[in-house]
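Shown next, in structure tokens, is the structure this report addresses.
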Amino acid sequence: MSSIEHIQKEFEEAVEKVRKSLSSESIQTLKVKYLGKKGKISGLMRSMGSISPEERPVFGKAINKLRDLANDSLQNIQDLLQHQEIEKSTSYSSLDPSLPGHRIPTGAIHPLNRVKEDIFSFFTGLGFEIERGREIETDWYNFEALNIPPEHPARDMQDTFYIDDKVVLRTQTSNNQIHVMESRKPPLRIIAPGFVYRADSDASHAPMFQQVEGLVVDKDISFAQLKGTLYIWVRHMFGFDVKLRFRPSFFPFTEPSAEMDVSCSLCKGKGCRVCSQTGWLEIGGCGCVDPNVFQKAGIDAEEYTGFAFGFGIDRITMIKYGIPEIGLLTANDNRFLRQF
Ligand code: DAH
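The opening residue of the sequence shown carries number 199 in this note's numbering; numbering runs sequentially from there.
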């Protein structure tokens, strides 16, 4: 029994020493020295054989108690060491794991792109193809081939940026109508999105904005089909209760021509500041392709008819989301963009 007490005392002193200069090596050494296969406590177990049968149970109990105590003490200093290491690693660095984290901002699709993608998927679903044209364009494609000769008053409607006498920044995506009709044979069903430029700037006009042009050319295409196509499109874009109105108008490249208005989504057609008390918002122009345009683009106007339309993507976006100023769409202001 005295050897058990002796080993316990020795072990307790050794633990105190290791506790003062904590390291994983010293803990390991201590463990091997007392609890290892050839360790002192294990040695006590082995010496059981030389003990008289009467004494054995008491002796065995005492050894087990010592073994448990040693295990507990070692676990204890092991935990202490781990705790110290965590404290050390955090106190030397600027990292404070108890502080709340930084939110990583996630991106979102820009409202203009959201509307554009919606337009693409809607029209491609109807069998339209997407065509992209030039932004720097000759006078011919932007004006003359669209039945707008020099000196035509319609040129004044579009404040053109001229690069030189014959080259402009396109004022409308209608230029794509001519490129497509020149290079492909009917039947044609295309939409042509893209940037257009006009020397104009106020709350609802920007010098650079985006339009989508639509063109359908085939045998027996009529104004009724134009109306039907655009009607399902505005319902898709603005909801089922929206009303669509075709107002007779004039565009040199379509005959007859119309302007399209949708009922104001803000006041539901009752009249408000956004729709200038009219209950309607203009979204674009449309009409049946003028035979003169067919002739200039090399398509037989006796055989084919067609319809065309064009609207501003920025304007559609403003109406859809109730955005009061076109400039907000390109200002890159996160406070604004985060709302979508
Ligand atoms: N290009 C016209 C504009 O920018 C819009 C337009 C009107 C396009 C009638 C068309 C159309 O295709 O048929 O104001």
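Using N, Cα and C, we set each Cβ at its ideal position, and we do this for glycine too.
{"Item": "Return the Cβ separation of Y339 and V415 in integer angstroms, given the expectation that the two are a contact with Cβ distance under 8 Å.", "Value": "That belief does not hold up - the Cβ atoms of Y339 and V415 are roughly 17 Å apart, past 8 Å."}
{"Item": "Going straight from the alpha carbon of Q493 to that of D316, what length do you get?", "Value": "33 Å"}
{"Item": "Leaving out five residues before and five after I346 in sequence, what residues of the same chain have Cβ atoms less than 7 Å from its Cβ?", "Value": "A352, R353, P450"}
{"Item": "Over what stretch of residues does the alpha helix (DSSP H) that includes D266 continue unbroken?", "Value": "254 to 289"}
{"Item": "For I261, which residues of its own chain have a beta-carbon under 8 Å away from its beta-carbon, when the five flanking residues on both sides are left out?", "Value": "I202, I239, L242, M243, M246"}
{"Item": "Spatial neighbours of S399 within its chain, please: C-beta separation below 7 Å, excluding the five flanking residues on both sides.", "Value": "P405"}
{"Item": "Exposed or buried, what is Y360 when buried is set at 16 or more other beta-carbons lying within 10 Å of its beta-carbon?", "Value": "exposed"}
{"Item": "Can you tell me whether Y395 is helix, strand or coil according to DSSP?", "Value": "strand"}
{"Item": "Return yes when at least one heavy atom of ligand 1 lies under 8 Å from the C-beta of L413, else no.", "Value": "yes"}
{"Item": "Taking contact to mean 3 or more Cβ pairs, one atom from each stretch, closer than 8 Å, check whether the stretch 268 to 288 and the stretch 222 to 232 are in contact.", "Value": "yes"}
{"Item": "With respect to the alpha helix (DSSP H) encompassing R445, which residues constitute its N-terminal and C-terminal limits?", "Value": "First-last for R445: 442 to 449, but that is the beta strand (DSSP E), not the alpha helix (DSSP H)."}
{"Item": "For a test of the three-state rule: what should DSSP assign to V414, helix, strand or coil?", "Value": "strand"}
{"Item": "Hey, is the stretch 377 to 384 in contact with the stretch 518 to 536, meaning 3+ C-beta pairs nearer than 8 Å?", "Value": "no"}
{"Item": "Comparing the CB of T503 with every heavy atom of ligand 1, is any distance shorter than 8 Å?", "Value": "no"}
{"Item": "Return helix, strand or coil for L344, following the three-state DSSP convention.", "Value": "helix"}
{"Item": "Got a sec? Which residues, its chain only, sit under 8 Å from G496 by beta carbon, not counting five neighbours each side?", "Value": "M379, E380"}
{"Item": "Give, in chain order, every unbroken run of the beta strand (DSSP E) that is at least 3 residues long and sits entirely within the stretch 313 to 397.", "Value": "334 to 336, 360 to 362, 365 to 367, 386 to 395"}
{"Item": "Excluding the five sequence neighbours on either side, which residues of its own chain have a C-beta within less than 7 Å of the C-beta of T369, listed in chain order?", "Value": "N340, Q356, T358, V394, Y395, R396"}
{"Item": "Nearer than 8 Å: is that true of the beta carbon of F321 relative to any heavy atom of ligand 1?", "Value": "no"}
{"Item": "Give the range of the alpha helix (DSSP H) segment to which L228 is assigned.", "Value": "222 to 233"}
{"Item": "Are the CB atoms of H377 and G412 nearer to each other than 9 Å?", "Value": "no"}
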